[in-house]
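Chemist: I have a structure here, written as structure tokens, and I will follow up with some questions on it.
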Amino acid sequence: MRGLAGKIAAVTGGGSGIGQAGAVRLAEEGCTVAVIDRNGPAAAETVARIAALGGKAAAFTADVGIEAEIAAAFEAIVAAFGRLDILVANAGIFSAEHDSPVHKLNKSVWDEIVGVNLTGMYLSCKHGVGAIRATAKSGAVVMTGSPTGVVGCTPGSNAYGSSKGGVHGLARVMAVDYAAEGIRVNVVVPGFTLSPIVHELVRDPAVLEPLVRSIPLRRGAQPVEMSGAIAFLASDDASYMTGSIMFVDGGLTAV
Ligand SMILES: NC(=O)c1ccc[n+]([C@@H]2O[C@H](COP(=O)([O-])OP(=O)(O)OC[C@H]3O[C@@H](n4cnc5c(N)ncnc54)[C@H](O)[C@@H]3O)[C@@H](O)[C@H]2O)c1
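Taking my numbering, the leading residue of the sequence shown gets 1133, the next gets one more, and so forth.
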């Protein structure tokens, strides 16, 4: 893809699943990748995978929901690589067990899920976009949204769906705010993707089978199937795209 070679990219939640696949793909396209995750060994594992492929990466341990940690991570990235061009704001959590219909949704559960998925996205963008503006000046932000932020496809997951609807809104307003500076902001919406985050859905056939039947392509995605969309939106091939929400969902939201 055009315009990725030589760029510095940061990926939150880069230690697993979609973020890991996106980090590897950006490295394959010639980016140097800062892998940010609250799970330090997982981030290091992604860095090792990239190194094994001949790419360049470094791990940064931070919780996106804790401002001091994520701010320090972006400071360390700029200190290590001199600039930041691309932010993939992707870290997120899901809990079928604790999230619930709103009349019985514990505020502590709401606070935890919204705190990572929406407040953590805001904090990653606050300090990540700050780093892009202060160094590369222009660049691209790719955020990970969800079908649950658009349609009610995961009944009971009120905190999760609300957090992801918020991500889509944040991305659109950011796209307008930073367009004149040449910082594009877009969202990838993964469909049901077979990463550790969906382990509760995969282990229960009563949940898994109707879910897969509801997907026109009749299967879950592999994380690597999200990586092309992430790299594309970060690249100059998407130079006229900002404020877009790109569905990579096997048709889930088309029906
Ligand atoms: N898998 C799916 O079906 C699916 C569908 C739609 C959207 N998404 C979204 O995709 C994104 C990536 O999810 P995934 O499927 O790769 O899940 P995953 O669990 O495989 O990976 C998530 C990564 O984020 C990290 N993380 C979690 N909370 C963090 C925090 N507070 N600070 C820093 N890192 C943190 C985890 O340690 C993990 O490495 C999430 O935002 C998720 O909501 C996933």
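C-beta: ideal position from N, C-alpha, C; glycine also.
I want to check one thing, is the minimum distance from the CB of R1265 to the heavy atoms of ligand 1 below 7 Å?
Modeler: no
Chemist: To the nearest angstrom, report how far apart R1126 and I1329 are at their CA atoms.
Modeler: Because the chain in this structure spans residues 1133 to 1387, residue 1126 falls outside the shown range and cannot be described.
Chemist: Going by DSSP, what residue range makes up the alpha helix (DSSP H) through L1365?
Modeler: V1356 to A1366
Chemist: Report yes if the C-beta of N1249 is less than 7 Å from at least one heavy atom of ligand 1; otherwise report no.
Modeler: yes
Chemist: Can V1317 and M1306 be called in contact, C-beta distance under 8 Å?
Modeler: yes
Chemist: State the CB to CB distance for the pair V1356 and A1159, rounded to an integer number of angstroms; the pair is presumed to be in contact (CB under 8 Å).
Modeler: With a Cβ gap of about 13 Å, V1356 and A1159 do not count as contacting.
Chemist: Would you say S1278 touches ligand 1, meaning its beta carbon is less than 7 Å from a heavy atom?
Modeler: The closest heavy atom of ligand 1 lies less than 7 Å from the beta carbon of S1278.
Chemist: Using 8 Å as the Cβ pair cut-off and three pairs as the minimum, do the segment 1165 to 1177 and the segment 1139 to 1157 touch?
Modeler: Because the criterion of three Cβ pairs below 8 Å is met, the segment 1165 to 1177 and the segment 1139 to 1157 touch.
Chemist: Which residues mark the beginning and the end of the alpha helix (DSSP H) in which D1381 is found?
Modeler: Segment: none, D1381 is in no alpha helix (DSSP H) and carries neither H nor E.
Chemist: Is any heavy atom of ligand 1 found at a distance shorter than 7 Å from the C-beta of N1420?
Modeler: Outside the modelled stretch of the chain, which goes from 1133 to 1387, sits residue 1420, for which no answer is possible.
Chemist: Do you know whose CA, among A1191, F1226, E1199 and V1196, lies nearest I1209's CA?
Modeler: A1191
Chemist: State the beta-bridge partners of D1169 as determined by DSSP.
Modeler: T1193
Chemist: Heavy atom of ligand 1 less than 7 Å from the Cβ of V1330, yes or no?
Modeler: Under cutoff, so the answer is yes.
Chemist: With a threshold of 8 Å, are at least 3 pairs of Cβ atoms found where one atom belongs to the segment 1336 to 1344 and the other to the segment 1238 to 1247?
Modeler: No, the segment 1336 to 1344 is not in contact with the segment 1238 to 1247.
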